[in-house]
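Written out below as structure tokens is the structure these notes cover.
There are 2 protein chains.
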Amino acid sequence: MPRTHERRSYQQFCPISRSLDLLGERWTILIVRELAAGPRRYTDLRDHLPGMWSNLLAQRLRDLEAAGIVRRAELPPPAARTVYELTPRGRELVPVLYELARFGLAYLDLPTEDQPLLPHLLPEGIRAMALIEALPSRPFVAHLALDVGDYTITVSTTGAPLVERIRVREGRPAGADVTLRGSLVEMLWVRRGDASLDATNITIEGSPRHVAALRDLFDLHER
Amino acid sequence: MPRTHERRSYQQFCPISRSLDLLGERWTILIVRELAAGPRRYTDLRDHLPGMWSNLLAQRLRDLEAAGIVRRAELPPPAARTVYELTPRGRELVPVLYELARFGLAYLDLPTEDQPLLPHLLPEGIRAMALIEALPSRPFVAHLALDVGDYTITVSTTGAPLVERIRVREGRPAGADVTLRGSLVEMLWVRRGDASLDATNITIEGSPRHVAALRDLFDLHER
DNA sequence: CCGCATCCGTTTCGATACTG
DNA sequence: CAGTATCGAAACGGATGCGG
Numbered sequence: 009m010p011r012t013h014e015r016r017s018y019q020q021f022c023p024i025s026r027s028l029d030l031l032g033e034r035w036t037i038l039i040v041r042e043l044a045a046g047p048r049r050y051t052d053l054r055d056h057l058p059g060m061w062s063n064l065l066a067q068r069l070r071d072l073e074a075a076g077i078v079r080r081a082e083l084p085p086p087a088a089r090t091v092y093e094l095t096p097r098g099r100e101l102v103p104v105l106y107e108l109a110r111f112g113l114a115y116l117d118l119p120t121e122d123q124p125l126l127p128h129l130l131p132e133g134i135r136a137m138a139l140i141e142a143l144p145s146r147p148f149v150a151h152l153a154l155d156v157g158d159y160t161i162t163v164s165t166t167g168a169p170l171v172e173r174i175r176v177r178e179g180r181p182a183g184a185d186v187t188l189r190g191s192l193v194e195m196l197w198v199r200r201g202d203a204s205l206d207a208t209n210i211t212i213e214g215s216p217r218h219v220a221a222l223r224d225l226f227d228l229h230e231r
Numbered sequence: 009m010p011r012t013h014e015r016r017s018y019q020q021f022c023p024i025s026r027s028l029d030l031l032g033e034r035w036t037i038l039i040v041r042e043l044a045a046g047p048r049r050y051t052d053l054r055d056h057l058p059g060m061w062s063n064l065l066a067q068r069l070r071d072l073e074a075a076g077i078v079r080r081a082e083l084p085p086p087a088a089r090t091v092y093e094l095t096p097r098g099r100e101l102v103p104v105l106y107e108l109a110r111f112g113l114a115y116l117d118l119p120t121e122d123q124p125l126l127p128h129l130l131p132e133g134i135r136a137m138a139l140i141e142a143l144p145s146r147p148f149v150a151h152l153a154l155d156v157g158d159y160t161i162t163v164s165t166t167g168a169p170l171v172e173r174i175r176v177r178e179g180r181p182a183g184a185d186v187t188l189r190g191s192l193v194e195m196l197w198v199r200r201g202d203a204s205l206d207a208t209n210i211t212i213e214g215s216p217r218h219v220a221a222l223r224d225l226f227d228l229h230e231r
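Heads up: the sequence lines are chains L and B, in that order. The working numbering puts the first residue of the first sequence at 9, with every later residue one more than the last. The working numbering puts the first residue of the second sequence at 9, with every later residue one more than the last.
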């Protein structure tokens, strides 16, 4: 089994191919996606990665640990359990996840029975709709009152990488500068340019400045 | 050929897994990397991707074409040739390449005989060392007089995605605001935090503002 | 139950050879 | 130059087993 402990490598002096040496195999980046939301137990990962078989998951976690991207941690009692979490270096992959997600938006079909809308994927999916190019000069808090639930967007103006200035979490904020109401799918349509904002039932309320900031951030405009 | 035309898919309603459905197979992203530098002929691609076998290259190009990421174009006579190039949608992958490259810098070992320094990979590699978080408020032109050759960095202040505000091309500029002299590997050391700038032979010349801008852009600082 | 390991058929990949 | 055909090797999909 551990026959050639040397993993298959592209053997090029190139930072992209080095990344792919570490991340390029099937399922690897999806494991990082799961851990980007926080520490997870082995079985949590298994449940969120249907189609991935246990043997492969164990293998990938070992590989990621060896690469310094993931580490094991033991939760203190009570409920002492092994969890996996990203190392600081692993968290540097968040911008990669964000850019992959941005690109994938264009190819995202509507949720079907085969591909149901999974709640735990929504915060990162919503963040993918936001544009780091349109980060405002002042922080604000937005409330997305969507058909699929309430989400809080917190935009700050400091911190690198840029994508981490945008935080999305489940639940409604204590106080919001601006509130968007509508359906997630309609928001996705407008974001992709498939529909004009005024052809949807999306409404945005707040001070003009904050409304403009939220519309810029998610590229929600009339055409 | 008894092909299941249905490609293997992660079957999740998630933009990251959709991207990986299209890009996740071996060699695919490296083909995009090659085409990001401009249109290329089949044999150019083959020569720049050692270890990738012709049958796979043909297969991947077909897949990328079907996904709308790559298209074929016929060059007009003389020298009529088929070339492959990125579609507009394919060019949206440039930020993904940039973030993968940024991540991979930390894992990049020094060039060896096995992994020689390939000139055509250097512009994108140099850009990976630049930080979109540190884009200046005014444009400037820098000249990198490196041991491996001369490169021109052109930084603009408009354009999305952000990474495309940084352009790196071979050759020296007609006029530069700031000039950096040194070796590529030393620059990489400092950029990764493995060495302090003053422990290297790197020199930066220009007006204080432009020197600061270049140092910020490449995170070249004393520790 | 959690956290894996073992086993086996299928798919993909690596490598060489060959063709319009 | 621009690809196809072929075949053994490695990786992956899928099910089951097993110690703590």
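We put the CB at the ideal spot given by N, CA and C, even for glycine. Fair warning: this is a prediction, and the values are worked out from it, not measured in the lab.
Problem - contact_flag[the stretch 129-148 of chain B, the stretch 19-27 of chain L] where n(CB pairs < 8 Å) is 3 or more - result: Counting C-beta pairs closer than 8 Å gives three or more between the stretch 129-148 of chain B and the stretch 19-27 of chain L, which meets the contact rule.
Handout entry: Beta carbon proximity, glycine 214/L to chain B, threshold 8 Å
Key = Here residue 214/L refers to the residue found at position 206 of the first sequence. At a cut-off of 8 Å between C-beta atoms, glycine 214/L does not count as an interface residue with respect to chain B.
Practice task
Could you check what DSSP says for glycine 157/L in three-state terms: helix, strand or coil?
Solution key: Along the first sequence, read from residue 1 onward, the residue named residue 157/L stands at position 149. It is a strand residue.
Problem - Close Cβ partners of proline 10/B (< 8 Å) along its chain, the five nearest in sequence each way excluded - result: Numbered from its first residue, the second sequence carries residue 10/B at position 2. No answer about proline 10/B holds up, because its pLDDT of 30 lies below 50 and its placement is not dependable.
Handout entry: Proximal residues to serine 145/B (C-beta, below 8 Å), its chain only, five neighbours per side dropped
Key = Counting from 1 along the second sequence, the entry for residue 145/B is found at position 137. Cβ within range, chain order: Thr165.
Handout entry: Residue burial classification, glutamate 42/L (beta-carbon count within 10 angstroms, cutoff 16)
Key = For the purposes of this step, residue 42/L is taken as the residue at position 34 of the first sequence. Taking all protein chains in view, the Cβ of glutamate 42/L is crowded by 16 or more other Cβ atoms within 10 Å, so the residue is classified as buried.
Practice task
Using a Cβ-Cβ cut-off of 8 Å, state whether alanine 45/L counts as contacting chain B.
Solution key: Sequence index remark: in the first sequence, residue 45/L carries index 37 (1-based). Not an interface residue.
Practice task
Kindly indicate which three-state DSSP category glycine 214/L falls into: helix, strand or coil?
Solution key: The count along the first sequence starts at 1 and reaches residue 214/L at position 206. In this structure, glycine 214/L counts as strand in the three-state DSSP scheme.
Problem - Distance between beta carbons of alanine 81/B and proline 58/B, contact taken as under 8 Å - result: Within the second sequence, residue 58/B is the residue found at index 50, counting from 1. Within the second sequence, residue 81/B is the residue found at index 73, counting from 1. That pair is no contact at about 25 Å.
Handout entry: Chain-ordered neighbours of tyrosine 18/B on chain L, where CB pairs are closer than 8 Å
Key = Position 10 of the second sequence, counted from the first residue, corresponds to residue 18/B. Neighbours of tyrosine 18/B on chain L, chain order: Leu38, Gly59.
Practice task
Check the Cβ of glutamate 100/B against every Cβ in chain L and list those closer than 7 Å, keeping chain order.
Solution key: Position 92 of the second sequence, counted from the first residue, corresponds to residue 100/B. Residues of chain L whose Cβ lies closer than 7 Å to the Cβ of glutamate 100/B are, in chain order, Phe111.
Problem - Span separating the alpha-carbon of threonine 90/B from that of arginine 49/B - result: Here residue 90/B corresponds to residue number 82 of the second sequence, with the count starting at 1. Here residue 49/B corresponds to residue number 41 of the second sequence, with the count starting at 1. Using only the alpha carbons, I get a separation of about 6 Å.
Handout entry: Distance CB(alanine 109/B)-CB(arginine 97/L) smaller than 8 Å
Key = Within the second sequence, numbered from 1, the residue matching residue 109/B stands at position 101. Within the first sequence, numbered from 1, the residue matching residue 97/L stands at position 89. Arginine 97/L is positioned such that its CB atom lies no closer than 8 Å to that of alanine 109/B.
Problem - Contacts around glycine 179/B, its chain only, beta-carbon distance under 8 Å, and the 5 residues preceding and following it disregarded - result: For the purposes of this step, residue 179/B is taken as the residue at position 171 of the second sequence. Around glycine 179/B: Asp158, Tyr159, Thr160.
Handout entry: For leucine 64/B, the three-state DSSP class (helix, strand or coil)
Key = Working through the second sequence from its first residue, we reach residue 64/B at position 56. Note: leucine 64/B maps to helix in three-state DSSP.
Practice task
Determine, using beta carbons only, whether leucine 222/L and serine 191/L come nearer to each other than 8 Å.
Solution key: Position 214 of the first sequence, counted from the start, is the residue given in the question as residue 222/L. Position 183 of the first sequence, counted from the start, is the residue given in the question as residue 191/L. It is not a contact, given that the beta carbons lie outside the stated cut-off.
Handout entry: Helix, strand or coil at alanine 220/B [DSSP, three-state]
Key = As a position in the second sequence, residue 220/B is number 212, starting the count at 1. Note: alanine 220/B maps to helix in three-state DSSP.
Practice task
Please check if any C-beta of chain B sits within less than 8 Å of the C-beta of glutamate 107/L.
Solution key: By one-based count along the first sequence, residue 107/L stands at place 99. Yes, glutamate 107/L counts as interfacial toward chain B.
Exercise for the section: Go through the stretch 51-124 of chain B residue by residue and report every complete run of the beta strand (DSSP E) that reaches 3 residues or more, in order. Expected result: Complete beta strand (DSSP E) runs here, min 3: 78-82, 90-94.
Exercise for the section: Starting from leucine 139/L, trace the beta strand (DSSP E) both ways and give me its first and last residue. Expected result: Along the first sequence, one-based indexing puts residue 139/L at 131. Where leucine 139/L is concerned, there is no enclosing beta strand (DSSP E), because DSSP gives it neither an H nor an E.
Handout entry: With 16 other Cβ atoms within 10 Å as the buried cut-off, status of proline 216/B
Key = Residue numbering aside, residue 216/B sits at position 208 when the second sequence is read from its first letter. Looking at its Cβ environment, which holds fewer than 16 other Cβ atoms inside 10 Å, proline 216/B is exposed.
Handout entry: Straight-line Cα distance separating arginine 54/L from aspartate 122/B
Key = By one-based count along the second sequence, residue 122/B stands at place 114. By one-based count along the first sequence, residue 54/L stands at place 46. Straight-line spacing of the CA atoms in aspartate 122/B and arginine 54/L works out to 38 Å.
Practice task
Tell me, please, whether the CB atom of alanine 168/L is closer than 8 Å to any CB atom in chain B?
Solution key: Translated into positions along the first sequence, residue 168/L becomes position 160. Chain B, which has a Cβ nearer than 8 Å to the Cβ of alanine 168/L, makes this yes.
Problem - Nearest candidate by alpha-carbon position, reference alanine 207/B, set Val219/B, Thr187/B, Leu228/B - result: Numbered from its first residue, the second sequence carries residue 207/B at position 199. Of the candidates Val219/B, Thr187/B, Leu228/B, the one whose C-alpha sits nearest the C-alpha of alanine 207/B is Leu228/B.
Handout entry: Per DSSP, the bridge partner or partners of histidine 151/B
Key = Taking the first residue of the second sequence as position 1, residue 151/B is located at position 143. Histidine 151/B pairs with Thr160/B, Thr187/B.
Problem - Residues sharing a beta bridge with arginine 49/L, DSSP - result: Sequence index remark: in the first sequence, residue 49/L carries index 41 (1-based). According to DSSP, arginine 49/L bridges with Val91/L.
Handout entry: Cβ neighbours of aspartate 185/B in the same chain (closer than 6 Å, five flanking residues each side left out)
Key = Locating residue 185/B in the second sequence gives position 177, counting from the first residue. Excluding residues within five positions, the ones whose Cβ falls inside 6 Å are Phe148, Val149, Gly214, His218.
Handout entry: Collapsed DSSP secondary structure at glutamate 230/L in the structure displayed
Key = By 1-based counting over the first sequence, the position of residue 230/L is 222. The three-state secondary structure of glutamate 230/L, taken from DSSP, is coil.
Handout entry: Delimiting residues of the beta strand (DSSP E) encompassing valine 176/L
Key = The residue given as residue 176/L occupies position 168 in the first sequence. Per DSSP, valine 176/L belongs to the beta strand (DSSP E) from 174-178.
Problem - Under the three-state DSSP convention, the category threonine 36/L falls into - result: For this step, residue 36/L is matched to residue 28 along the first sequence. Helix at threonine 36/L.
Handout entry: CA nearest to the CA of leucine 125/L, picked from Val193/L, Leu30/L, Leu65/L, Leu72/L
Key = Translated into the one-based positions of the first sequence, residue 125/L becomes position 117. If we check each option's Cα against that of leucine 125/L, Val193/L comes out closest.
Problem - Minimum Cβ-Cβ distance from glutamate 178/B to chain L less than 8 Å - result: Position 170 of the second sequence, counted from the first residue, corresponds to residue 178/B. No - not a single Cβ of chain L is within 8 Å of the one on glutamate 178/B.
Exercise for the section: Given a cut-off of 8 Å, decide if threonine 95/L and arginine 79/L are closer than it, judged by their beta-carbon atoms. Expected result: Your numbering for residue 79/L matches position 71 in the first sequence. Your numbering for residue 95/L matches position 87 in the first sequence. Taking C-beta atoms as the reference points, arginine 79/L and threonine 95/L count as a pair closer than 8 Å.
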